[in-house]
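Protein chains in written order, with our numbering: chain A, 214 to 461; chain B, 282 to 640.
Glycine residues also receive a C-beta, built at the ideal position from the N, C-alpha and C atoms.
If you're wondering where the values come from, they're calculated on a predicted model, not measured in any experiment.
Everything on this sheet refers to the single structure shown next.
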Amino acid sequence: MSDQEVMITMKDVNKWYGDFHVLKDVNLNIKKGEKVVICGPSGSGKSTTIRCLNHLEKFQKGSININGTELIEDVKVVRHIRSQVGMVFQHFNLFPHLSVLENLLIAPTWVHKKPRKEAIETAMYYLERVKIAEQAHKYPNQLSGGQQQRVAIARCLCINPEIMLFDEPTSALDPEMVSEVLDVMVELADEGITMICVTHEMGFAKKVADRVVFMDAGQVIEENEPNEFFDNPQSDRLKLFLEQILSH
Amino acid sequence: MATYTMKEAKPAPTANKGVVFWLRENLFPDVKNTLLTLAGLYILYAIIPPLLDWMIFNATWTGTKEEVVNSGARWIFIVEKFDQFMYGFYPEALHWRPNLVGILSIALIFGFKYISSVKLKIATIILFPIICFVLISGGWFGLEVVETEKWGGLMLTILVAAVGIVASFPIGVVLALGRQSNMPILRTLCIGFIEFVRGVPLITILFMASVLLPLFFHDGIEFNKLLRALIGITLFQAAYIAEVIRGGLQAIPKGQYEASEALGLTYWQGMILIILPQALKISIPNLVGSFISLFKDTTLVLIIGLFDILAMVTLTNSDTNWLGYEVEGYVFVTLIYWVCCFSMSQYSKSIERKFNTEH
């Protein structure tokens with residue numbers, strides 16, 4: 214990386230659900246423009262980790278710093294951070310009562326207070342980018358899963374985020390729709406936005422990631438650049454995991 | 282090599298169409314159903330013709346009561362007392378005022394969707410009740426004052442129901458949100474209110490409103506009887522609305538809350554723009570059901586001495602010139618209630634269709 218500016222710092226982050234220790238001393242440093250893929254077996258805490266970054270989940274110990282702002286439980290701070298962080302969900306979470314275009318206008322007009330006309334221009338630009346502009350006036354339920362997820366990505370881009378979080382963006386899709394979403398994500402990655410992606414798409418990880426992080430049982434077990442990560446895994450748990458997901 | 286050729290679409294079989302087929306399939310498919318069909322037809326035959334005879338063919342529509350010769354319904358009673366059924370004791374010369382309010386209300390119900398700007402919509406919602414109140418009660422713009430004691434009949438029924446519905450709705454929404462709140466005191470207060478009100482009959486609340494409310498205010502403040510009833514009904518209805526909306530809120534997937542939070546919307550923005558529109562849409566059938574029961578429950582105000590349409594029937598029947606006309610009166614009131622409630626349920630269906638985005 215030429216640009217060494219730090220974007221995200223997670224330091225000894227711990228989280229419990231009741232007595233269950235979900236995150237155990239998670240440390241992550243992510244530089245501006247870096248693409249990080251987090252993988253691991255289900256229940257390993259990968260989704261929880263990225264959901265802590267925009268405060269959808271609270272953590273009990275440790276600290277998170279996003280683009281120079283310490284994440285504390287304060288309404289204003291949380292909103293400031295969320296205005297820079299876009300999140301794409303496994304189940305899209307588009308607003309079904311609003312048209313595609315209205316879905317894209319909500320945050321720019323209400324959170325970022327942009328004039329509606331300007332917001333529409335931006336929205337149409339991003340819909341064009343995810344190749345779905347002709348569907349702008351349809352409702353989400355009229356679209357296929359892949360189209361909905363592309364709309365969800367465009368909705369995040371409309372707030373012009375510094376960081377994009379992807380929480381298993383292709384897991385709920387029919388197999389033939391996975392690639393249309395991944396294509397959009399690859400294009401985004403080329404533009405230098407900071408991306409953190411929880412996914413099982415190892416092809417995507419190899420192609421796009423600057424770094425792959427392996428989590429298991431709430432801990433970061435291993436992190437490395439993709440080639441080393443896949444070809445030369447260090448820990449037994451990662452070896453086992455890679456065998457399981459790459460064997461078929 | 283196998284080749285694929287597309288098969289032409291065949292026409293549907295012809296034997297299962299037509300009136301005879303429909304009759305055989307639906308009314309006379311086997312012995313048991315045939316018997317049931319015949320029994321049903323007999324019951325209809327036994328009820329409908331005499332009812333029509335009484336209501337229409339043998340009924341008396343005009344003339345004076347001394348001239349009645351037919352054995353059917355004597356609708357002349359309704360014609361004679363029509364004004365009282367509609368307006369209670371509202372002065373006859375001023376009937377145009379409630380009439381105008383009625384016309385304005387209908388215009389609003391059907392015309393509201395054509396108002397394009399949001400600001401104008403909000404202004405209408407705020408101004409409309411004030412205009413209605415001024416028109417009916419008078420006192421401004423040279424309009425003669427009509428005391429609430431004179432209000433009555435269908436006018437009062439609709440007024441009580443309308444105020445109950447319109448005023449209880451926002452309170453119900455706030456109570457429903459409060460019940461889901463993270464703040465323990467607020468949540469406890471909301472749950473306490475809702476559960477208390479739901480555990481008490483409306484009639485008790487009306488008695489309390491009419492007897493207890495004045496105790497809370499200093500002497501000398503004369504608290505209007507109608508206003509007391511309206512407050513009681515509004516609070517009662519709000520508790521039910523809150524529970525209906527809570528059902529809607531719980532049906533909204535967690536992802537919708539998360540997405541609106543993740544986009545940076547505040548609590549109220551998320552609620553008003555994302556969650557409530559969806560929750561209310563789901564709740565429409567139950568909300569209207571609740572409004573319809575309220576419309577029918579308003580008749581309980583006669584207990585505290587207000588004369589709604591049902592009370593007017595009872596009252597006009599004690600007119601010594603018109604004794605023995607209860608049946609006509611109650612049938613008429615039944616029809617009025619049915620027309621009002623059926624219209625509400627049809628209106629709700631049209632709203633449901635309008636908000637349906639699951640094409």
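I533 (chain B): not part of any beta strand (DSSP E); DSSP gives it neither H nor E. Contact between the stretch 310 to 324 of chain A and the stretch 534 to 549 of chain B is established, with three or more Cβ pairs separated by less than 8 angstroms. With the rule of 3 Cβ pairs closer than 8 angstroms, the stretch 450 to 459 of chain B does not count as touching the stretch 479 to 486 of chain B. The beta-carbon of P382 (chain A) is placed no less than 8 angstroms from the nearest beta-carbon of chain B. Within the stretch 263 to 279 of chain A, those residues whose Cβ lies closer than 7 angstroms to any Cβ of chain B are, in chain order, N267, L269.
For K562 (chain B), the C-beta contacts it makes with chain A under 9 angstroms involve H310, in order along the chain.
Shown here is that no member of the stretch 422 to 443 of chain B has a Cβ falling below 8 angstroms from a Cβ of chain A. The beta carbon of G529 (chain B) does not come within 8 angstroms of any beta carbon belonging to chain A, so the residue lies off that interface.
In summary, I486 (chain B) is buried, with 16 or more beta-carbon neighbours lying within 10 Å of its beta-carbon over all protein chains present. G281 (chain A) sits in coil when the DSSP states are folded into three classes, being neither helix nor strand. The alpha-carbon of M390 (chain A) is positioned some 45 angstroms away from that of E306 (chain B). Judged by beta-carbon spacing, G433 (chain B) lies within the 8 angstroms limit of F370 (chain B), meaning their Cβ atoms are closer than that value. In the three-state reduction of the DSSP assignment, F379 (chain A) falls in the strand class, which pools E and B.
Closer than 8 angstroms to the CB of I372 (chain A) there is at least one CB belonging to chain B. In the DSSP secondary-structure assignment, G344 (chain B) is not bridged to any residue.
With respect to M377 (chain A), I406 (chain A) sits close: the two C-beta atoms are nearer than 8 angstroms. Our two residues, P294 (chain B) and S629 (chain B), have alpha carbons roughly 39 angstroms apart in a direct line.
Where G610 (chain B) is concerned, there is no enclosing beta strand (DSSP E), although the alpha helix (DSSP H) around it starts and stops at 607 to 636.
When C-beta atoms of the stretch 440 to 460 of chain A are compared with those of the stretch 406 to 419 of chain A, three or more pairs fall below 8 angstroms, so the two segments count as touching. The beta carbon of L370 (chain A) is closer than 6 angstroms to those of Y339 in its chain, skipping five residues each way along the sequence. Counted as a single uninterrupted DSSP element, the stretch harbouring C371 (chain A) is not any beta strand (DSSP E), since DSSP gives it neither H nor E.
For Q273 (chain A), there is no enclosing beta strand (DSSP E), as DSSP marks it with neither H nor E. Under the Cβ criterion of 8 angstroms, Q537 (chain B) is counted among the residues facing chain A.
Counting only runs of 4 or more residues that sit fully inside the stretch 425 to 507 of chain B, the alpha helix (DSSP H) segments are 434 to 460, 465 to 479, 483 to 492, 494 to 497, in chain order.
Using a Cβ-Cβ cut-off of 8 angstroms, W323 (chain A) counts as an interface residue toward chain B, since at least one Cβ of chain B sits closer than that to its own. Taken atom to atom, the span from the alpha-carbon of N380 (chain B) to that of T438 (chain B) is near 14 angstroms. By the Cβ rule, the stretch 300 to 313 of chain A counts as touching the stretch 552 to 564 of chain B, because three or more pairs are nearer than 8 angstroms. Judged by their CB atoms, E436 (chain A) and R450 (chain A) are not nearer to each other than the 8 angstroms cut-off. At a cut-off of 8 angstroms between C-beta atoms, F442 (chain A) does not count as an interface residue with respect to chain B.
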